[in-house]
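What follows is a short report on a single structure.
Residue numbers (our numbering): 206 to 277.
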């Protein structure tokens with residue numbers, strides 16, 4: 206069964222043309238992937254820093270931490 210109309214792969218593929226979709230756009234896809242990956246890390250770092258700052262601001266004096274330690 207063939208989905209691209211080829212009966213045999215024993216031919217010179219340069220004469221056939223594209224054998225998969227979006228051929229030639231690999232570089233663009235890699236660049237988009239890298240931008241997404243780096244952007245995700247930047248956003249994740251910002252969110253984690255904001256969460257840490259909120260936790261620290263909630264217990265500046267350390268009383269809640271000492272009380273939790275004393276309870277256990």
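Where a beta carbon is used, it is the ideal one built from N, C-alpha and C, also for glycine.
Query                                                                                : Result
CA-to-CA distance, residue 218 to residue 241, given in whole angstroms              : 33 Å
Selection from 236, 211, 265 that minimises the alpha carbon distance to residue 225 : 211
Secondary structure of residue 265, DSSP reduced to three states                     : coil
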